[in-house]
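*Asks:* Next up is a structure, given as structure tokens.
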Amino acid sequence: MRRSIVPGLKPQGPGCNDKSLRERVVNVVTALPFLALSRSELSQDTSQERKMYGLSMLAVGMAATAYHCSSGPVRKAFRRADYWSISLASNQLARAAHPGKMPLSLTALSLAATPFQPTAVTTVNMAAAEIGLARKAKQQPGVRKAYRHHVLAGATGLACFGLEDIAIQHDFHFVHSMWHCLAFYGLAKASSVLS
């Protein structure tokens, strides 16, 4: 099923990736680094916001792995869980980028809206996170290189996400796994900015 690249995108159907065993394996393998990012975040002695962000990365890694491993009727539910976990993680990244400044009511609102508009919620949360990360990079010259890498990976990853259906129509089936890699790298660099 085709999807639009406008905010408000909802996961529909089982998705258009994982059509071959090779593509499925590559997507599963490229989802696993999110589990490593979670472990890295959770092993650090950091703020409660960072710990929650680490737990949310665990959810992203588990949901993405389950989605790409699944088939049949359960695949649609796992795709929804994949989108929802990304939305949750974006909220936790925004909270980590603004420690002690985001009211819990915003998190509650984000969680309540996620089942209906996961991509729109992710977009708003990521915009808030980017403001916090940019502010930190401006204040601390030592993290500017990591921030630039984060922005470049994020922009390229966003393009991969938006163009995935078009790429698949032209028999280029590995855009989704590229998105996984770029998202992981961008989030790892965001963690460097937050450290």
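So in the UniProt record's numbering, spot 29 of the sequence shown is number 29, and the numbers just go up one at a time.
C-beta atoms are modelled at their ideal positions from N, C-alpha and C, and glycine is treated no differently.
Owing to the predicted nature of the structure, the values given are computational and were not obtained by experimental measurement.
#1: Confirm, please, whether the CB-CB distance from G154 to S186 is below 9 Å.
#2: Is the beta carbon of A64 less than 9 Å from the beta carbon of D82?
#3: Is G61 closer than 9 Å to S38 when the C-beta atoms are compared?
#4: How many Å lie between V121 and L111 at the Cα?
#5: Helix, strand or coil for M102 per DSSP?
#6: Skipping 5 residues on each side, what residues in its chain have a beta carbon closer than 6 Å to that of W179?
#7: Mapping the DSSP letters down to three states, classify K19 as helix, strand or coil.
#8: With DSSP collapsed to three states, give me the class of H180.
#9: Should L58 and L93 be called a contact, given that it needs their Cβ atoms to be closer than 9 Å?
#10: When the cut-off is 9 Å and only beta carbons count, does W84 lie next to chain B?
*Replies:* Answer, in terms of the structure:
#1: The question names Ser, but residue 186 in the sequence shown is Gly. The answer is yes: Cβ separation under 9 Å.
#2: yes
#3: yes
#4: 9 Å
#5: coil
#6: G157, C160, F161
#7: coil
#8: helix
#9: no
#10: Looking at the structure shown, chain B is missing, and only one protein chain is on hand.
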